[in-house]
Structures are given as C-alpha cells and as structure tokens.
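Note that the protein sequences, when read in sequence, are chains A and B.
If you read the first sequence in full-length UniProt numbering, its first letter stands for residue 1, the second for the next number, and so on.
If you read the second sequence in full-length UniProt numbering, its first letter stands for residue 1, the second for the next number, and so on.
Using N, Cα and C, we set each Cβ at its ideal position, and we do this for glycine too.
Inspection log for the structure reproduced underneath, given as structure tokens.
Protein chains: 2
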Amino acid sequence: MAGASEVLGRALTAVGVDPSTVDLESLSTRRSVRVSRFEDLVYVGFRRQFRGVPEGTLVAFRRGEHLVVWGYPSIRRMLLPRIAVPRWFPGPTVLVEEKMNGYNVRVFSLGGRIYAATRGGLVCPYTTRRLRRLHGEALQSLLDSLGPGSYIAGEVVGLENPYTRYYYEEAPGFGYFIFDIFKEGTPLPPRAKFALAPEHGLRTVNLLAELPVDGLGVERLYRIVEDLERRGREGVIVKDPEGRVEPLKYTTSSTNIGDIRLGMRYPFEEGRSFLFPRILREIFREWETGRRSYGELGEAILAPAIEAVEAVSRGERLVEEFELVLGGEDETEEVIAYFASLGVHLEIAGVSRGVDGVRVSFRKPRKSEGEIAKILETGISPLD
Amino acid sequence: MAGASEVLGRALTAVGVDPSTVDLESLSTRRSVRVSRFEDLVYVGFRRQFRGVPEGTLVAFRRGEHLVVWGYPSIRRMLLPRIAVPRWFPGPTVLVEEKMNGYNVRVFSLGGRIYAATRGGLVCPYTTRRLRRLHGEALQSLLDSLGPGSYIAGEVVGLENPYTRYYYEEAPGFGYFIFDIFKEGTPLPPRAKFALAPEHGLRTVNLLAELPVDGLGVERLYRIVEDLERRGREGVIVKDPEGRVEPLKYTTSSTNIGDIRLGMRYPFEEGRSFLFPRILREIFREWETGRRSYGELGEAILAPAIEAVEAVSRGERLVEEFELVLGGEDETEEVIAYFASLGVHLEIAGVSRGVDGVRVSFRKPRKSEGEIAKILETGISPLD
C-alpha cells in the first residue's frame with residue numbers, strides 16, 4: 001500500500017477536499033485525521049471535523065476500491081417535547097422509534113467483506129468479527145442489494161462489548177439493531193428500513209408509534225416515554241416520516257439519573273462530563289412535571305463516588321470489567337493491540353471456552369483510581 | 001501619556017520580560033495583557049499568565065513613578081485536612097486564619113493616592129473610591145510605613161459590592177479585612193500583619209488558633225471548622241507561622257453546598273462551573289465523616305434552577321440585584337462605564353440619598369435568562 005501522505009491525499013479527494021491545499025505531513029502527525037489499518041483494509045478516520053468533513057467520517061480503501069462512510073450526525077435533544085415536536089416537525093405525523101442504549105456502529109462492505117466502524121471513525125476489530133460471525137451473510141446481502149456506496153447504521157447493545165453495557169432482554173449479550181440505512185450516502189426514508197432489514201433477516205430498533213404532531217399526539221408521546229421509563233429503557237428518537245427535517249431525541253429520566261450514577265463510579269472521567277448536561281435535562285423535566293427528585297439525584301452523584309473513594313482507600317482497583325466473545329487467541333491479541341493503540345491498556349482477567357467462542361474477561365483500568373489515590377495520599381485537591 | 005505599545009513595553013520590562021522578544025501590537029489586541037486607565041493612573045493588567053508573569057499582575061504608572069503588584073496566587077485546597085496538614089507543614093505549629101467570603105482586593109499607593117485592584121488585574125473604581133472614603137488615610141499610612149513597592153491584600157465582604165455578597169455581622173455593608181501585607185513584593189510573615197494592621201486602624205481577618213501539626217492539633221482544626229459551619233462562615237486558611245511553605249485552604253460544607261445553591265440560580269453560568277469542584281469536596285467530606293447529605297445536594301442543584309425556569313416562563317427577568325454606595329452621579333457613571341468596558345451592562349433600578357453617600361441599586365442581567373428563554377421557546381437543548 002502507498003505511504004500515509006498519499007492515502008491521506010486520496011481520502012481528502014474522496015470527501016471533496018483538494019489535497020494540494022492541505023499540509024499532509026502535519027495533518028497526519030496531528031492525528032485528528034489518521035490513517036489506520038485493519039486486515040488488508042487501509043482507512044482514513046476523521047477523528048475531528050476537518051474542512052466541513054464531519055467528525056467520525058471514514059474513507060476505506062481495499063484492493064483498488066474505496067468507500068466514504070460519513071460521520072453519523074449528533075441528534076438534537078428535546079428538553080420539552082410539548083414545545084419542540086409541534087414546532088420542529090412539518091407534520092401531519094411523526095414516527096417514534098426507540099432509542100437504544102449501546103454504541104453506534106456503521107457497517108459497510110468493501111470487496112465482499114463487512115467492517116464495523118465506531119462513532120469516532122475507527123474500524124473496531126471486536127465489533128467487526130462478532131458481527132461477521134452473527135450476521136455476516138445477512139449484512140452482506142442487505143448491502144449488496146443497495147449497491148455501491150451504501151452502509152448501515154445501528155446500535156450494538158448488550159453486555160458483551162468494551163464500550164457501553166446495558167442489559168436488553170432481546171439481546172443480553174450482543175445484538176445489532178438498525179436505525180438507518182444509507183444508500184449512496186443518503187438515508188432511506190425512515191419507514192423503508194423497517195421493511196428492508198427484516199427481508200434480509202436483520203433486526204431494527206422498535207417503531208413505537210406514528211403520532212400526529214399536534215396536542216393529543218404529543219400527549220401520547222409522553223405516555224410512551226413513561227412506559228419506557230417503567231421498563232428501564234433509554235428513550236425515543238422522533239422522526240419526520242419523509243425525513244424532511246432532522247430527527248430529535250428524548251431520554252427517560254431514569255436513563256439520565258442512571259448515567260450519572262454509573263459515571264460517578266469514575267468521578268474524574270464520565271462523572272465530571274456527565275453531570276451538567278444530564279442535570280439540565282432533569283431541571284426541565286422536573287419543572288414540567290412538578291416531580292422533585294432531589295434525593296435521587298444527590299444519591300446518584302455522591303453514593304457511587306464515595307464508594308469509589310472507599311474502594312481505593314481499601315487498596316482496591318478502580319477498573320471496568322467486561323467479557324467479550326472472541327474467535328480465538330489471535331482475536332484476543334488483536335483487541336488488546338487495538339485498545340493499546342488508543343492508549344487503553346486492557347488486562348485479561350480470565351478465559352473460558354463456550355459454544356459461541358472463547359469468552360475472555362477483561363479489566364480496563366480507570367484514570368480516576370490514580371486521582372483518588374493521590375488525594376488520599378496528600379489530602380490536597382487537584383482542583384480549586 | 002505614551003502609546004499603548006510603549007506602556008506595554010515598560011510594563012514588561014518592570015516584570016522582567018524583555019519587550020524586544022514580544023510582538024507588542026498583537027499582544028495588546030489579544031487583550032490578555034491590557035492597558036487601562038483610571039483617573040490619571042495608566043496600568044497594564046495581565047489578565048492571563050504570560051511568560052511566567054502570574055495572572056492578575058498589574059503594573060501601574062503615574063507621574064513618572066511605577067509599581068508592580070503581583071497576581072495573588074491561588075491557594076491550594078485541602079480535601080482531607082487530617083492527611084494534608086501533617087504532611088504539608090514543617091511544624092511544629094500552624095496558624096489558622098479565617099477565610100472570608102467576599103472578593104480579593106489588593107490595595108496599593110502611587111504618588112500618595114490609593115487604588116484597589118481586583119483578582120483579574122483591573123483597578124475597580126467602586127472599590128477604590130469606597131476604600132478611600134472609609135480607610136483612605138489608614139491605608140495610606142500603613143503603605144507609607146512599609147516603603148515603596150508595598151501593597152496589601154485583603155477581602156472585601158458585605159452586601160454592598162458588584163461581585164460577591166454575603167452578610168457579615170461585623171461588616172454588613174462593606175468591610176475590608178487584611179490577610180497579607182507585601183513589602184517590596186514579598187509577604188510579611190503571617191503573624192506580623194496581625195500586629196501591623198491595627199496600629200494603623202485597619203482590620204485583619206480573624207486569627208482563629210495556633211495549633212500543633214500533629215494529631216490533636218488537626219482534631220482541633222476539625223472542631224474549628226464545625227464551629228464555622230454552625231455560624232455559616234466560609235472556612236479557614238492554614239499557614240506556616242514563618243511562611244516557609246504555601247498556605248492551604250479548607251471550606252465548610254455549608255459554603256460548598258450554598259455556592260451550588262446560589263450558582264444554580266444562573267444554571268448556564270456559575271451553576272455549570274460550580275458543580276464539579278464543589279461536589280468533589282463533598283464526596284471526600286462525606287466519605288470522611290459518614291454523613292450522607294444526598295437530599296441537600298440534590299435540592300441545592302435542582303431547586304434554584306427550576307425556580308429560574310419558572311421565573312423566565314412567567315416573563316420575569318433573571319438579574320442579579322445589588323446596591324452600591326457612591327459619592328455622586330459621576331461615580332455612578334464611572335461604575336457603569338467600567339462594567340460596560342467588561343461587557344456587563346448594568347441597569348439602574350433606583351437611587352436614594354443616605355448619610356454615607358448616594359445609594360444606587362443596580363440590576364446585572366444574566367446570560368442564563370436568554371438560554372432558558374430559548375429552551376422554553378423551542379423545547380430543544382443547547383447541549384447534547
């Protein structure tokens with residue numbers, strides 16, 4: 001394969017940026033646009049927005065072919081659906097899809113092999129191999145039916161992944177639920193995917209309702225969210241059926257508070273970044289509903305963090321633990337090498353053999369452990 | 001007076017930076033080092049750290065004289081005094097001074113007039129004039145006794161100021177309490193100021209105790225903090241009596257929670273920035289004491305913010321209100337012009353005449369008002 005600068009140049013051309021206007025050497029050393037490799041695929045991941053190319057965009061090259069997989073856009077968030085839905089959507093109806101709590105994965109195919117890209121514009125070896133084993137043929141057949149330049153976006157949910165783990169009864173370990181199908185870079189109208197995916201034996205996220213955008217429709221939306229709340233699910237994405245305006249998202253209160261609770265186990269990492277945006281959601285929810293969940297919020301913030309301090313003070317580690325299902329030793333090494341290249345040094349905690357492959361449990365060390373240990377040693381805050 | 005670049009050059013020389021190595025034009029347009037004027041004083045304020053010159057440093061020029069007033073350093077914060085005090089201080093004892101909740105003001109004199117500088121390196125016209133009227137002669141006499149290059153650092157507390165308002169029974173309106181005296185840029189040993197200030201009729205912060213740095217001393221420190229807690233006071237600064245190591249600060253839990261409660265009235269401003277550092281303090285306090293104030297924290301976060309949303313939804317303004325005591329109309333205009341130059345547009349809410357001057361009540365509009373109004377109009381979050 002060609003040198004990094006040449007690959008970068010070809011990728012820029014593919015996304016409409018004239019490479020002669022870019023200092024390719026310095027771009028590749030800044031690593032905001034980076035050339036990576038997976039198997040015999042070479043790809044350029046846009047880790048940050050660059051000259052109008054969205055963050056997370058990926059240009060993949062293999063055996064003379066190439067494909068642009070555009071960054072998945074961030075969906076705007078409603079704080080007050082009663083106001084947002086009728087103002088935002090042209091109507092007369094909206095589709096309400098379930099928002100699932102996992103990680104966003106775009107699946108694409110090049111030269112008859114499928115690959116899975118994460119939100120940040122990297123091909124994840126674990127997700128790729130697991131999806132190939134579980135749905136390889138189905139994904140390939142769907143992508144083939146769409147033609148060149150197509151890709152799929154969906155949520156990987158369940159407990160067996162290195163990123164976001166929530167139990168889903170329909171996919172306790174590892175499930176892929178499609179929420180968008182892109183044909184030549186453009187999304188199919190929302191309804192089309194619900195027809196197309198099952199034809200190839202693939203699952204989509206749930207279509208919960210089609211509602212009028214006026215008052216009664218929005219009241220039904222609140223009842224849908226209450227139901228999701230009771231069932232411990234994440235929330236909804238509201239879409240125009242014809243895709244004329246961007247979708248909007250809305251999450252349940254239990255998800256917002258639950259995110260804080262989980263995040264504050266690592267107070268200097270997710271804890272810190274999760275706080276304000278989720279508190280903002282609760283402020284408007286409580287204002288709207290009259291509910292006052294002071295104790296619940298306070299506990300979600302303090303209890304897990306106090307527990308983390310207590311654990312570190314007893315000499316315990318602050319690590320994230322998860323189990324992956326892998327094809328064998330080679331894949332285990334591949335996963336470890338991939339995370340090491342991202343600066344995350346996974347440790348193996350155990351290996352067992354199951355019907356679905358090798359089950360390897362990993363520990364991911366957390367920065368908060370060191371921060372807490374230092375405070376316990378000096379008594380002094382790293383912050384004012 | 002000379003042009004801005006020339007003044008900048010002289011100021012850089014005064015703080016030990018060779019001006020020929022600096023692009024003065026671009027420095028003055030970046031406004032991180034800025035030339036300002038108050039009466040016939042011209043001064044350069046270092047609004048950010050620059051080439052080792054601390055943030056908040058001020059170089060003042062008047063009638064051929066000049067003075068460097070160094071930025072007041074940020075004092076490190078203890079999270080666990082039981083650990084920090086014996087490890088940090090050489091001993092055998094420490095001085096415990098009261099930390100007051102107001103704003104840090106450095107007073108200096110040039111050519112027989114006194115001036116008051118805020119933490120950010122600006123001469124505050126209000127504080128300067130109020131201090132001149134209340135303690136002008138005393139401050140001048142103390143500074144004269146110290147000789148050239150000297151300045152004083154203290155806390156302005158009370159309700160009559162545009163910055164930080166907490167009621168203190170010993171200074172309900174406006175009080176100045178000295179905590180450091182700098183002679184030729186170097187602080188006097190902590191104890192010396194307690195002797196020197198009263199000789200000139202000036203007040204210092206309270207010296208609460210001199211304690212051994214070992215176990216029993218630290219336990220007494222906790223009892224002092226508990227007492228401050230009960231009395232609704234801010235906290236302590238612990239100092240080495242001979243100034244051999246930097247001091248450390250520690251605030252009461254009621255101050256931390258109270259700051260969040262006050263800040264969350266403006267959720268997009270102080271609210272947002274106050275959250276994490278203060279929550280961190282509570283995590284360690286609760287871990288140490290076994291107290292669990294979940295509801296109190298949750299209420300401090302949510303209640304004032306929900307109230308702000310409710311107020312904006314009723315069409316009310318989100319403004320900070322305060323009353324200043326001014327010498328007359330000229331001073332009122334001077335204060336308004338000063339804040340306008342900082343991008344803050346004060347409104348006058350009322351004027352009344354008192355024995356101590358003109359009492360003018362001001363309203364300071366808050367950015368959070370516009371942010372909340374926009375959410376109430378669109379229903380959509382400005383954040384993910």
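A/Pro73 versus A/Pro54: straight-line alpha-carbon distance, rounded: Here residue 73 of chain A refers to the residue found at position 73 of the first sequence. Here residue 54 of chain A refers to the residue found at position 54 of the first sequence. Rounded to whole angstroms, A/Pro73 and A/Pro54 show a C-alpha spacing of 8 Å.
First through last residue of the alpha helix (DSSP H) which encompasses A/Asn256: Numbered from 1 along the first sequence, position 256 holds the residue referred to as residue 256 of chain A. In this chain, the alpha helix (DSSP H) harbouring A/Asn256 covers 253-263.
Nearest candidate by alpha-carbon position, reference A/Leu221, set A/Gly295, A/Ile181, A/Ala349, A/Val236: Against the first sequence, residue 221 of chain A aligns to sequence position 221. Residue A/Val236 is the option with its Cα nearest to A/Leu221.
Residues sharing a beta bridge with B/Leu211, DSSP: As a first step, residue 211 of chain B must be located in the second sequence, where it is residue number 211. Partner(s): B/Val94.
C-beta contact flag for B/Val85 and B/Ala209 at 7 Å: Here the question's residue 85 of chain B lines up with position 85 in the second sequence. Here the question's residue 209 of chain B lines up with position 209 in the second sequence. Cβ atoms of B/Val85 and B/Ala209: not closer than 7 Å.
Nearest-angstrom beta carbon gap, A/Gly328 and A/Arg129 [assumed within contact, 8 Å]: The residue given as residue 129 of chain A occupies position 129 in the first sequence. The residue given as residue 328 of chain A occupies position 328 in the first sequence. About 10 Å; that fails the 8 Å criterion.
Cross-chain neighbours of B/Thr332 in chain A, by beta carbon under 9 Å: As a first step, residue 332 of chain B must be located in the second sequence, where it is residue number 332. Going along chain A, no residue has its Cβ under 9 Å from B/Thr332, so there is no contact; the nearest lies around 34 Å.
For A/Tyr294, the first and last residue of its enclosing beta strand (DSSP E): Here residue 294 of chain A corresponds to residue number 294 of the first sequence, with the count starting at 1. Counted as a single uninterrupted DSSP element, the stretch harbouring A/Tyr294 is not any beta strand (DSSP E) but the alpha helix (DSSP H) occupying residues 294-313.
Three or more C-beta pairs below 8 Å linking the stretch 37-46 of chain A and the stretch 150-161 of chain A: Contact fails between the stretch 37-46 of chain A and the stretch 150-161 of chain A, because fewer than three Cβ pairs, one in each stretch, are under 8 Å apart.
Span of the alpha helix (DSSP H) around B/Phe168: Working through the second sequence from its first residue, we reach residue 168 of chain B at position 168. It is worth fixing the name first, because residue 168 of chain B is Tyr in this sequence and not Phe. Boundaries cannot be given for B/Tyr168, as no alpha helix (DSSP H) includes it and DSSP labels it neither H nor E.
Counterpart residues of B/Pro187 in DSSP-defined beta bridges: Along the second sequence, read from residue 1 onward, the residue named residue 187 of chain B stands at position 187. Beta-bridge pairing links B/Pro187 to B/Phe182.
Beta-carbon neighbours of B/Asp384, restricted to chain A and to distances below 8 Å: Residue 384 of chain B sits at position 384 when you count from the first residue of the second sequence. Chain A residues near B/Asp384: Ser74, Arg77, Pro277.
Residue span of the alpha helix (DSSP H) that contains A/Ser141, given as start and end: Along the first sequence, read from residue 1 onward, the residue named residue 141 of chain A stands at position 141. Start and end: 125-146.
Simplified DSSP assignment, three categories, for B/Glu219: Residue numbering aside, residue 219 of chain B sits at position 219 when the second sequence is read from its first letter. B/Glu219: helix per DSSP, three-state reduction.
Where the stretch 286-305 of chain A meets chain B: residues whose CB sits under 8 Å from a CB there: Interface annotation for the stretch 286-305 of chain A against chain B: Glu286, Trp287, Arg292, Ser293, Tyr294, Gly295, Glu296, Leu297, Gly298, Glu299, Ile301, Leu302, Ala303, Ala305, criterion Cβ-Cβ distance under 8 Å.
Chain B contact for A/Gly258 (CB, 7 Å cutoff): Taking the first sequence and counting its residues from 1, one reaches residue 258 of chain A at position 258. A/Gly258 does not count as touching chain B.
7 Å Cβ cutoff, B/Ala84 in contact with chain A: The residue labelled residue 84 of chain B in the question sits at position 84 within the second sequence. Output row for B/Ala84: interface = yes.
Short CB-CB distance (under 7 Å) between A/Ile237 and chain B: Within the first sequence, residue 237 of chain A is the residue found at index 237, counting from 1. It does not: the Cβ of A/Ile237 has no partner Cβ on chain B nearer than 7 Å.
Cβ-Cβ distance between A/Leu79 and B/Ile301 below 7 Å: To locate residue 79 of chain A, count along the first sequence from 1; it is residue 79. To locate residue 301 of chain B, count along the second sequence from 1; it is residue 301. Not in contact: A/Leu79 and B/Ile301 (Cβ atoms no closer than 7 Å).
Whole-Å CB distance - A/Gly258 paired with A/Phe274, under 8 Å assumed: Taking the first residue of the first sequence as 1, we reach residue 258 of chain A at position 258. Taking the first residue of the first sequence as 1, we reach residue 274 of chain A at position 274. 10 Å between Cβ atoms; not a contact.
The stretch 310-317 of chain A / the stretch 271-291 of chain A touching (three or more Cβ pairs under 8 Å): The answer is no - the stretch 271-291 of chain A does not touch the stretch 310-317 of chain A, with fewer than three Cβ pairs under 8 Å.
Check whether A/Val335 and A/Tyr126 have beta carbons under 7 Å apart: Counting from one through the first sequence, the residue named residue 335 of chain A turns up at place 335. Counting from one through the first sequence, the residue named residue 126 of chain A turns up at place 126. Taking 7 Å as the cut-off, the Cβ atoms of A/Val335 and A/Tyr126 count as close.
Contact set between A/Pro267 and chain B, taken where Cβ atoms lie within less than 9 Å: Here residue 267 of chain A corresponds to residue number 267 of the first sequence, with the count starting at 1. Going along chain B in sequence order, the residues near A/Pro267 (Cβ under 9 Å) are Phe276, Ile279, Leu280, Ile283.
CA-to-CA distance, B/Val94 to A/Ile348, given in whole angstroms: As a position in the first sequence, residue 348 of chain A is number 348, starting the count at 1. As a position in the second sequence, residue 94 of chain B is number 94, starting the count at 1. Straight-line Cα distance between these residues: approximately 49 Å.
Close beta carbons around B/Ala4, own chain, < 7 Å, minus the five adjacent residues each side: Translated into positions along the second sequence, residue 4 of chain B becomes position 4. Contacts found: Ser28, Val35.
Within chain B, the residues that A/Gly379 reaches when beta carbons sit closer than 8 Å: Here the question's residue 379 of chain A lines up with position 379 in the first sequence. Those within 8 Å of A/Gly379 in chain B are Met78, Leu79, Leu80, Pro81, Arg82, Ile83, Ala84, Val85, Arg87, Trp88.
Proximity below 7 Å, CB of B/Leu383 to CB of A/Pro277: Locating residue 383 of chain B in the second sequence gives position 383, where the first residue counts as 1. Locating residue 277 of chain A in the first sequence gives position 277, where the first residue counts as 1. Cβ atoms of B/Leu383 and A/Pro277: closer than 7 Å.
Local Cβ density within 10 Å of B/Lys99, reported as buried at 16 or more and exposed below that: As a first step, residue 99 of chain B is located in the second sequence; it is residue number 99 there, counting from the start. Label assigned to B/Lys99: buried.
Proximal residues to B/Ser361 (C-beta, below 6 Å), its chain only, five neighbours per side dropped: In the second sequence, the residue the question calls residue 361 of chain B occupies position 361. Excluding positions up to five away in sequence, the list reads Glu323, Ala349, Gly350.
Within chain A, the residues that B/Arg37 reaches when beta carbons sit closer than 9 Å: Translated into positions along the second sequence, residue 37 of chain B becomes position 37. For B/Arg37, there are no C-beta contacts with chain A under 9 Å, since the nearest C-beta of that chain is about 31 Å from it.
Collapsed DSSP secondary structure at A/Leu324 in the structure displayed: Residue 324 of chain A sits at position 324 when you count from the first residue of the first sequence. In the three-state reduction of the DSSP assignment, A/Leu324 falls in the strand class.
is_contact[A/Arg48, chain B] using C-beta, thresh 7 Å: Position 48 of the first sequence, counted from the start, is the residue given in the question as residue 48 of chain A. Taking Cβ atoms only, chain B never reaches closer than 7 Å to A/Arg48, which makes this a no.
Inter-residue spacing [alpha-carbon to alpha-carbon] between A/Gly295 and B/Arg292: Counting from one through the first sequence, the residue named residue 295 of chain A turns up at place 295. Counting from one through the second sequence, the residue named residue 292 of chain B turns up at place 292. A/Gly295 and B/Arg292 have their C-alpha atoms roughly 10 Å apart.
Alpha-carbon spacing of B/Phe268 relative to A/Leu110, whole angstroms: Translated into the one-based positions of the second sequence, residue 268 of chain B becomes position 268. Translated into the one-based positions of the first sequence, residue 110 of chain A becomes position 110. Linking B/Phe268 to A/Leu110 through their CA atoms gives a straight-line distance of about 46 Å.
Assigned exposure category for residue 390 of chain A - 16 Cβ within 10 Å defines buried: Because residue 390 of chain A is not part of the residues shown, which for chain A are 1 to 384, the question remains open.
For B/Val7, three-class secondary structure by DSSP: Within the second sequence, the letter at position 7 stands for residue 7 of chain B. Three-state result, B/Val7: helix.
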